[in-house]
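K.L.:
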Amino acid sequence: MIHKHHKSTRGWDSIECKMRSKGFSDMEISEARESFCKGIELLSGLFLNVRMKK
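In this text, residue positions in the sequence shown follow the numbering used here: the first is 30, and each later residue adds one.
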């Protein structure tokens, strides 16, 4: 028997799938993606600043 591996979605892809399944509009998803990306940039910047200070 051949086993199929289902690749689970992560990050933005997972959030987008959930939003689409709940009926969010393309505009709402676009705004959420922009906010998500800004948050990731902020967190990565904070992480890099902490690592450089050590």
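Just so it is clear, CB atoms sit at the ideal spot from N, CA and C, and this is done for glycine as well.
Please report the distance separating the alpha-carbon of glycine 74 from that of glutamate 60.
P.N.:
21 Å
K.L.:
What's the gap between the Cα of leucine 77 and the Cα of serine 54?
P.N.:
35 Å
K.L.:
DSSP three-state label for serine 54, please.
P.N.:
The answer is coil: DSSP assigns serine 54 none of H, G, I, E or B.
K.L.:
Could you tell me which of Lys51, Phe65, Met56 and Gly52 sits nearest to tryptophan 41, measuring between CA atoms?
P.N.:
Phe65
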